[in-house]
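Engineer: Per our numbering, the very first residue in the sequence shown carries number 38; after that it's consecutive.
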Amino acid sequence: MATIFLLEHVLRMIVECYVFCHLATLLNEVHSQIADKIMNLDWPEMLHYSEEFPKEYKSVRTSLLIVTIRAQHSLGISCGGIFEMSQDKFALLVRMTYSVLMFLWKFKAL
Numbered sequence: 038m039a040t041i042f043l044l045e046h047v048l049r050m051i052v053e054c055y056v057f058c059h060l061a062t063l064l065n066e067v068h069s070q071i072a073d074k075i076m077n078l079d080w081p082e083m084l085h086y087s088e089e090f091p092k093e094y095k096s097v098r099t100s101l102l103i104v105t106i107r108a109q110h111s112l113g114i115s116c117g118g119i120f121e122m123s124q125d126k127f128a129l130l131v132r133m134t135y136s137v138l139m140f141l142w143k144f145k146a147l
């Protein structure tokens, strides 16, 4: 009975970790598309300088440049600062966990 509860707990933790890694991957993909969308707007040609609104022009231009620069880098969503969460890292974690489990199981069988 205790084995069933332990197995259920482990499976829930794996599913929870997968969901977080999947969502982090989706968020990183959307984040990386932001810079592309801004650059495809041709905002440098559409944004004209006006003597009437110089502060607003500079503010909008600066904001767009900052968002574009920031969007070119990964969000860096991490798991407690240990590793960056993504589906690739989840697959690596599952493979590593399986390898360690089989290593320990082999020693138990001896």
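For each residue, glycine too, the CB sits at the ideal point set by N, CA and C.
Between which two residues does the alpha helix (DSSP H) carrying ASP125 extend?
Structural biologist: 124-146 is the extent of the alpha helix (DSSP H) around ASP125.
Engineer: Under a Cβ-count criterion, where at least 16 other Cβ atoms within 10 Å of its own Cβ denotes burial, should ALA108 be classed as buried or exposed?
Structural biologist: Its Cβ being crowded by 16 or more others within 10 Å, ALA108 is buried.
Engineer: Excluding five sequence neighbours on each side, which residues of the same chain lie with their C-beta closer than 6 Å to the C-beta of ILE71?
Structural biologist: Correct list, in chain order: ALA108.
Engineer: What separation, rounded to the nearest whole angstrom, lies between the Cα atoms of ASP65 and SER115?
Structural biologist: In the sequence as displayed, the identity of residue 65 is Asn instead of Asp. Distance between the alpha carbons of ASN65 and SER115 is about 12 Å.
Engineer: Measure the Cβ-Cβ separation of PHE57 and MET122 and say whether it is below 8 Å.
Structural biologist: Going by C-beta atoms, PHE57 is nearer than 8 Å to MET122.
Engineer: Closest to PRO81 by CA distance: which of MET139, THR105 and ARG98 is it?
Structural biologist: When each option's Cα is compared against that of PRO81, the closest is ARG98.
Engineer: Rounded to whole angstroms, what's the CA-CA distance from LEU130 to VAL47? Just pull it up for me.
Structural biologist: Rounded to whole angstroms, LEU130 to VAL47 spans 14 Å at the Cα level.
Engineer: Per DSSP, which residues does GLU82 bridge with? Please list them.
Structural biologist: Note: GLU82 sits in no beta bridge, so no partner.
Engineer: Buried or exposed, going by whether 16 or more other CB atoms sit within 10 Å of the CB of ALA146?
Structural biologist: When all chains shown are included, ALA146 counts as exposed.
Engineer: Alpha carbon to alpha carbon, what distance is there between ILE75 and LEU101?
Structural biologist: Cα to Cα, the separation comes out at about 8 Å.
Engineer: CB CYS54 to CB PHE127, shorter than 8 Å?
Structural biologist: Against a cut-off of 8 Å, the Cβ pair of PHE127 and CYS54 comes out as a contact.
Engineer: With a CB to CB cut of under 7 Å and the five nearest residues on each side skipped, what residues in its chain are close to GLN124?
Structural biologist: These residues qualify, in order along the chain: CYS58, HIS59 and THR62.
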